[in-house]
């Protein structure tokens, strides 16, 4: 096991850059912090280097022992993690497209992470994000997924093209909206579908609403406002989890 | 309209203490920041004093004009609000107990706020929190409710006593749990019910699970983990919004 004592070390400085989106995009890597996330990333074989201030943690090699302040330099302020892993981003393609969650510009990292976590819990096949959706490897997103991020294909795509290709393939595209929509209880349950959720402020883009096969709304009385992750949970549950 | 130029002003210092839970509990007041929340609080007649760095904002009196740095002193760091309102906490009692959301130790302010917002959207009659639940007037909770907090009775209670009193009154008490529970799809739909959600880490307390009339679980395959606000949204929707 290697030791690095100085935070000024060239490799530490390189890895610290992964706290920035630009560097994550450039290298196809990201940082996972904390035991739970690191273990989830290991299950998927995504960990390239483990960096820890606890010599006894993990069997994994290569492991680098560093001082506590170096771990802090490599982790987000909020986390009190003792270990950080340099991981490669998973570029997996969905095996099936029977149950797809599509996100059109979700901006809040906690919402994105929670939606991914819910999609995994209900065995959806993939999560497809518009280019404007918040960065998947933002540390808040990763934490909110509770590690489930590593267990489902999550893609970025031009949603107009992507939904058109799904429709050609016989997948029913469902857009969520507040007006001019079928109440969820009355929505037919297609065998294969993709459900589109929108930006927290503006909802699903007009062009995607128009191109969808059907528009659905969650019946609400009262305040008429649901958090997008809650709306997504209700829709994913109602439209059906996939059988084993 | 009064002007206060100095952040050292005695009243400003008193109001700034409302950023602390202890002072909110002592005085029965809290701070609402930003136009949307302030307008929602005004609808309910909760605003006592409006403090703003924009003379033209609001017809409300008493209004106090202050420098921008004073508004910042009275608001949470994240918010860029121009106005802050000193509000009184609403101690309302539910008119009905047909649809009750009960929270046993929810700790994340965003989760609590989102659950309250969902309960309002589905016209639940009240949200009842255990004593260990995160402070309702935490600024993150208030922001996450999007102002809906002001439109529903939210109480703190000893949940063992409270649920027993509901049961005596003929309300079906439903506890959520992962094991030894009825799948949600198979749960009978009682006319009057209270649904209990638990702490993010530990779920619903054992004693409340045992005392409940029925235990329910949301059918999941895969990762077996839902955020508590998502689980609450699914349960509140499935068990039924109240008709107008």
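Residue numbers (the numbering used here), protein chains in the order written: chain L, 13 to 256; chain Z, 13 to 256. C-beta atoms are modelled at their ideal positions from N, C-alpha and C, and glycine is treated no differently.
Cβ-Cβ distance between residue i and residue j below 8 Å
i, j, result
"residue 185 (chain Z)", "residue 208 (chain Z)", "yes"
"residue 43 (chain L)", "residue 96 (chain L)", "yes"
"residue 45 (chain L)", "residue 93 (chain L)", "yes"
"residue 112 (chain Z)", "residue 178 (chain Z)", "yes"
"residue 72 (chain Z)", "residue 248 (chain Z)", "no"
"residue 114 (chain Z)", "residue 243 (chain Z)", "no"
"residue 189 (chain Z)", "residue 221 (chain Z)", "yes"
"residue 58 (chain L)", "residue 100 (chain L)", "yes"
"residue 156 (chain L)", "residue 125 (chain L)", "yes"
"residue 67 (chain Z)", "residue 106 (chain Z)", "no"
"residue 13 (chain L)", "residue 75 (chain L)", "yes"
"residue 219 (chain L)", "residue 187 (chain L)", "no"
Residue-chain proximity (residue i, chain L), Cβ-Cβ < 8 Å
i, result
"residue 241 (chain Z)", "yes"
"residue 238 (chain Z)", "yes"
"residue 24 (chain Z)", "no"
"residue 134 (chain Z)", "yes"
"residue 229 (chain Z)", "no"
"residue 119 (chain Z)", "no"
Neighbour flag for residue i against chain Z, beta carbons, 8 Å
i, result
"residue 126 (chain L)", "yes"
"residue 13 (chain L)", "no"
"residue 245 (chain L)", "yes"
"residue 92 (chain L)", "no"
"residue 233 (chain L)", "yes"
"residue 51 (chain L)", "no"
"residue 129 (chain L)", "yes"
"residue 213 (chain L)", "no"
"residue 122 (chain L)", "yes"
"residue 249 (chain L)", "yes"
Paired residues, beta bridge with residue i - DSSP
i, result
"residue 95 (chain L)", "L:64"
"residue 203 (chain L)", "In the DSSP output, where bridge partners are listed per residue, residue 203 (chain L) has none listed."
"residue 14 (chain L)", "L:76"
"residue 44 (chain Z)", "Z:97"
"residue 116 (chain L)", "L:210"
"residue 188 (chain Z)", "Z:228"
"residue 168 (chain L)", "L:141"
"residue 111 (chain L)", "L:205"
Residues near residue i by beta carbon distance below 6 Å, same chain, minus five either side
i, result
"residue 56 (chain L)", "162"
"residue 147 (chain L)", "33"
"residue 144 (chain Z)", "117"
"residue 15 (chain Z)", "77"
"residue 141 (chain L)", "115, 168"
"residue 36 (chain L)", "30, 42, 149"
"residue 217 (chain Z)", "116"
"residue 70 (chain Z)", "62"
"residue 127 (chain Z)", "241, 244"
Residue i versus residue j: straight-line alpha-carbon distance, rounded
i, j, result
"residue 223 (chain L)", "residue 168 (chain L)", "19 Å"
"residue 18 (chain Z)", "residue 81 (chain Z)", "9 Å"
"residue 210 (chain Z)", "residue 132 (chain Z)", "19 Å"
"residue 39 (chain Z)", "residue 203 (chain L)", "56 Å"
"residue 63 (chain Z)", "residue 88 (chain Z)", "14 Å"
"residue 256 (chain L)", "residue 48 (chain Z)", "A caution first: residue 256 (chain L) carries a pLDDT of 41, below 50, which makes its placement in the model too unreliable to give a value."
"residue 181 (chain L)", "residue 108 (chain L)", "11 Å"
"residue 123 (chain L)", "residue 154 (chain L)", "11 Å"
"residue 26 (chain L)", "residue 232 (chain L)", "50 Å"
"residue 152 (chain Z)", "residue 121 (chain Z)", "6 Å"
"residue 183 (chain Z)", "residue 198 (chain Z)", "19 Å"
"residue 52 (chain L)", "residue 102 (chain L)", "13 Å"
"residue 238 (chain Z)", "residue 215 (chain Z)", "11 Å"
"residue 50 (chain Z)", "residue 98 (chain Z)", "9 Å"
"residue 136 (chain L)", "residue 191 (chain Z)", "23 Å"
"residue 110 (chain Z)", "residue 170 (chain Z)", "19 Å"
"residue 164 (chain L)", "residue 21 (chain L)", "35 Å"
"residue 166 (chain Z)", "residue 54 (chain Z)", "18 Å"
8 Å CB neighbourhood of residue i in its chain, flanking five on each side removed
i, result
"residue 194 (chain L)", "226, 227, 228, 229"
"residue 65 (chain Z)", "77, 78, 79, 80, 82, 83, 94, 95"
"residue 176 (chain L)", "223"
Cβ neighbours of residue i in the same chain (closer than 7 Å, five flanking residues each side left out)
i, result
"residue 245 (chain Z)", "130"
"residue 119 (chain L)", "146, 211, 212"
"residue 160 (chain Z)", "128, 129, 132"
"residue 252 (chain L)", "201"
"residue 28 (chain L)", "85, 86"
"residue 250 (chain Z)", "196"
"residue 174 (chain Z)", "140"
Residue i at chain C interface by Cβ criterion, 8 Å
i, result
"residue 109 (chain L)", "In the structure shown, chain C does not exist; the protein chains are L and Z."
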